[in-house]
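K.L.:
Residue numbers (mature numbering (1 follows the signal peptide of the UniProt record, and there is no 0)): -29 to -1, 1 to 295.
Okay, here's the thing in structure tokens:
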């Protein structure tokens, strides 16, 4: 692997060139471009960046093309996403996008592109888990007790996130509305400060991946995890779906997108490659080390899910007074 540093206008991008070498060229599938840029709309070094590099490496093993990761940060991911949306639709440009870039960011600020019209899904590759935890100072042990306490003490519970309009803030409001509990939002500079506030009892609960370590240390009370599957790290913590709240969103997805007019055969080949990757133990292990888990979703299902989520958050953010 070779590390390439690029300057793109005012954006300094760190790029990882992936060219997985095999014994014979015939071992790789043909691809319509010699070099493919996978835009990662985040700064280098974070979980999203790591997922992008894992994906690029995997695609580089399967196709006769060089896959290059280009970091284009800024605008909460929207700058990189816009660049991908405006790129040539010939398979030479792909985007690794978190679902928030597609379904919530356009409602919070003008982004310069239409995420549902200018981009199309290739496949979802990973999911970042969150866990709902309560401070040990709160007299609850289960999710049901938490809901009952919240309804009995409306407006008395406080929760923390990394900021107004953050994915954690939106996910928590989404959950609170579904369970009928009124609570107060306290924004903090970072996840570490939110965790510390829960530990000290300054706030009563949080919904974030950052709390997983504290659950393992028995420093907080785990109540539930969003989604349909229990976390392997926390096998005894029930899912919100099990508890009767399957409609509550709250997990962060990472997906590969492409310019909307990219040929269907190219999209199909990439989708198939990522599906095969999702069934690989090595791919799953690499994602697990990055703090996420593999979750494959094909492009048709993903496009439909993104459309539904986009509409859902449009209404929710308007109700929260955050819609632009």
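For every residue, glycine included, the Cβ atom is placed at its ideal position computed from N, Cα and C.
#1: From the DSSP output, in three-state form, read off residue 40 for me.
#2: What are the boundary residues of the beta strand (DSSP E) that includes residue 5?
#3: For the region 28 to 41 and the region 69 to 89, state whether three or more C-beta atom pairs, one from each stretch, are separated by less than 8 Å.
#4: Count the other CB atoms, across all protein chains shown, that sit within 10 Å of the CB of residue 8; report buried if there are 16 or more and exposed otherwise.
#5: Mind checking which residues open and close the alpha helix (DSSP H) that includes residue 66?
#6: Would residue 142 pass as a contact of residue 220 if the rule is Cβ separation under 9 Å?
#7: By the 10 Å Cβ neighbour count, where 16 or more other Cβ atoms means buried, how is residue 295 classified, buried or exposed?
#8: When DSSP labels each residue in this structure, what does residue -25 get in the three-state scheme?
#9: Within 10 angstroms of its Cβ, does residue 6 collect 16 or more other Cβ (buried), or is it exposed?
#10: How long is the line joining the alpha carbons of residue 24 and residue 18, rounded to whole angstroms?
#11: State the Cα-Cα distance for the pair residue 83 and residue 116, rounded to the nearest angstrom.
#12: Can you tell me which of 194, 232 and 280 puts its alpha carbon nearest to the alpha carbon of residue 114?
#13: In this structure, how does DSSP classify residue 188 when only helix, strand and coil are distinguished?
P.N.:
This is what the structure holds:
#1: strand
#2: Counting along the chain, residue 5 falls outside any beta strand (DSSP E), and DSSP gives it neither H nor E.
#3: no
#4: buried
#5: Residue 66 -> not in any alpha helix (DSSP H); beta strand (DSSP E) instead, spanning 64 to 69.
#6: yes
#7: exposed
#8: Because the pLDDT at residue -25 is just 35, under 50, the model does not fix this residue reliably, and the point stays unresolved.
#9: exposed
#10: 10 Å
#11: 45 Å
#12: 194
#13: coil
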